[in-house]
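Peer 1: In terms of the numbering used here, the sequence shown has 265 at position 265, counting the first letter as 1, and numbering is strictly consecutive. Dropping a structure here in structure tokens format, bear with me for questions.
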Amino acid sequence: MRECARITDRDGHRRSINHLPPTRSSRLPSMIHEYWYEPTRRPRVKTSGRWVRERYAMIPTCTQRGKNGWATPGAYLAMTTRFRDLPWQQTPDGSRRRVGVEIEMAGVALDVMAEAVRDEFGGQISSEGPFVTHVRDTEFGDFEVELDARVLKDRRYREHLKRLGIELDAEDSATLDRWLADAAGRLVPHEIVAPPVSLEVLPRIDRVRAALQKKGARGTESSLLYAFGLQLNIEAHSLEADWLTSILKAFVLLYDALVKAGNIDFSRQLSPYIKPFPGSYVRHVLQPGYRPDIQELIDDYLEHNPTRNRPLDMLPLFAWIDRGRVMAAAVERDLIKPRPALHYRLPNCEIDDPDWTLARPFNGWAQVEHLAADPERLAAAGSEYLQRPAQALGQFADEWAKRIRDWF
């Protein structure tokens, strides 16, 4: 079987390509999912360091060029995707690792979102009003579908009204709740919060994503006001300092490449939710001799990052390991939910794009773990990073994103 594909260039234009150059065809694998192009050069396979995604879909194999030449840097084949395996499959107790998924969107009502979850996973829909709905007793536990604003979910606005001398009866309260839900829904994301599921279940959550896309769900790029994201809570393979340090090293090294590969929306980068790790912390973590014990690792993190608003939020995991140490720091204590999981907050939610799938952000995370699992490459990349200018801005960030991509 030989199949052509469509590409989406860096400007978002989609077009078909019918062929790949013949000169390297004997070296190409028979199944791929996505790869990168360079200008005026032919695609190079993953084994030569250019492909950054996982194998999955049939590749084209003929010779015709498109009228615009080879695709531009960062263009992707928009094909069926699969979720890449992680290098570590088990948690500290030997069970299979799981992932919790949080998907933010607009354009669809909570009841429509809940029905999409129930259609895939079964269960019973239970509404707690216009702000929160549950899908209970599914195959994997309870899903929560909510308007992601605590002041609304907790109905704290009623306290403010009471201070103003405004008392609402039940009918008035219900009317106000509906009005607030409708008004806030234009700015505040509607969110699906899934329970932790094993990696092989992620394609089914992606089917929920696809169903909602067809129903008109809107994502990050639909509006400048939408700083919507996709969040992954990946159960840790180990709670030991060495493993966690390697994950942090790999993440800060790949950060610029993840931003570019994920086309992280400008509104999200400006928002307070995913502020990058400070340069001082990055350089501290990447020092060749940095091998802290768990207490030092947590203390260093808290000193430089007393906030949840990082693209990789370690506070829930560190609070699981040493709750007292984390809660004694100047952090948002009431917002931290201790759990043995890495909280990956960086990706966009591009749910309105039919070519986008949950596999893209997940496979970006998988790249982090695969780098962390390769001590020699991790050390070499860290050493090269530290030799570059301290201020990772502008051209340096662009050059580093390309350079770290070359490692793969």
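For glycine and all other residues, C-beta sits at the position ideal for the given N, C-alpha and C.
Quick one: is residue 388 buried, meaning 16 or more other Cβ sit within 10 Å of its Cβ, or exposed?
Peer 2: exposed
Peer 1: Residue 292 and residue 320 - do their beta-carbons sit closer together than 9 Å?
Peer 2: no
Peer 1: Closer than 9 Å, CB to CB, is residue 146 near chain C or not?
Peer 2: Here chain C cannot be found, since the structure has a single protein chain.
Peer 1: Contact check, residue 367 vs residue 237 under 8 Å by CB: the rounded distance?
Peer 2: Wrong, their Cβ atoms sit about 16 Å apart, outside the cutoff.
Peer 1: Using CA coordinates, which residue listed in 342, 307, 200 is at the minimum distance from residue 334?
Peer 2: 307
Peer 1: Using the Cβ count rule (16 or more neighbours within 10 Å means buried), how would you classify residue 309?
Peer 2: exposed
Peer 1: Using beta-carbon positions only, say whether residue 359 and residue 371 come within less than 9 Å of one another.
Peer 2: no
Peer 1: Check the DSSP bridge columns for residue 129 and list the partner residues they point to.
Peer 2: Note: residue 129 sits in no beta bridge, so no partner.
Peer 1: Looking only at its chain, what residues have a beta carbon closer than 6 Å to the beta carbon of residue 145, apart from the 5 residues adjacent to it on each side?
Peer 2: 110, 113, 114, 133, 192
Peer 1: I'd like the span of the alpha helix (DSSP H) that includes residue 298, first residue to last.
Peer 2: 294–304
Peer 1: Which one or two residues does DSSP pair with residue 135 in a beta bridge?
Peer 2: 125, 143
Peer 1: Buried or exposed for residue 105, please, with buried defined as at least 16 other CB atoms from any protein chain shown within 10 angstroms of its CB.
Peer 2: Label assigned to residue 105: buried.
Peer 1: Excluding the five sequence neighbours on either side, which residues of its own chain have a C-beta within less than 7 Å of the C-beta of residue 329, listed in chain order?
Peer 2: 302, 306
Peer 1: Should residue 409 be labelled buried (16 or more other beta-carbon atoms within 10 Å of its own) or exposed?
Peer 2: Since the displayed the chain opens at 1 and closes at 408, residue 409 lies outside it and no answer follows.
Peer 1: Using the Cα positions of residue 294 and residue 241, report the straight-line distance between them to the nearest angstrom.
Peer 2: 5 Å
Peer 1: Report the rounded CA-to-CA distance for residue 290 versus residue 248, giving the unit in angstroms.
Peer 2: 11 Å
Peer 1: Looking at the structure shown, is residue 106 part of a helix, part of a strand, or coil, going by DSSP?
Peer 2: strand
Peer 1: For residue 197 and residue 384, I'd like the C-alpha separation in whole angstroms.
Peer 2: Approximately 37 Å between the Cα atoms of the pair.
Peer 1: Expressed to the nearest angstrom, what Euclidean distance is found between the alpha-carbon atoms of residue 160 and residue 130?
Peer 2: Below a pLDDT of 50, predicted positions are generally treated as unreliable, and residue 160, at 42, falls in that range; no measurement from the model is reported.
Peer 1: How should residue 235 be labelled, buried or exposed, when 16 other C-beta atoms within 10 angstroms of its C-beta is the threshold for buried?
Peer 2: buried
Peer 1: Please specify which runs of the alpha helix (DSSP H), each continuous and at least 4 residues long, are wholly inside the region 193–274, giving them in chain order.
Peer 2: 202–214, 241–261, 266–270
Peer 1: Starting from the Cα of residue 325, find the closest Cα among 347, 99, 298 and give me that residue.
Peer 2: Nearest of 347, 99, 298 to residue 325, Cα basis: 298.
Peer 1: What first and last residue would you give for the beta strand (DSSP E) that runs through residue 341?
Peer 2: 341–344
Peer 1: Have a look at 337, 258, 253 and flag the residue whose alpha-carbon is nearest the alpha-carbon of residue 233.
Peer 2: 337
Peer 1: By the DSSP assignment, the alpha helix (DSSP H) with residue 378 in it spans what residues?
Peer 2: 375–386
Peer 1: Put residue 312 into one of helix, strand or coil per three-state DSSP.
Peer 2: strand
Peer 1: Residue 100 bridges to which residues according to DSSP?
Peer 2: 233
Peer 1: Note down the Cα distance separating residue 211 from residue 261, rounded to an integer number of angstroms.
Peer 2: 25 Å
Peer 1: Identify the continuous alpha helix (DSSP H) that holds residue 365 and give its terminal residues.
Peer 2: 359–372
Peer 1: For residue 139, which residues of its own chain have a beta-carbon under 7 Å away from its beta-carbon, when the five flanking residues on both sides are left out?
Peer 2: 121, 122
Peer 1: Could you round the C-beta distance between residue 103 and residue 207 to whole angstroms and report it? I think they count as a contact, below 8 Å.
Peer 2: That belief does not hold up - the Cβ atoms of residue 103 and residue 207 are roughly 12 Å apart, past 8 Å.
Peer 1: Residue 283 to residue 108, Cα distance in whole Å?
Peer 2: 43 Å
Peer 1: Taking C-beta to C-beta, are residue 117 and residue 362 nearer than 9 Å?
Peer 2: no
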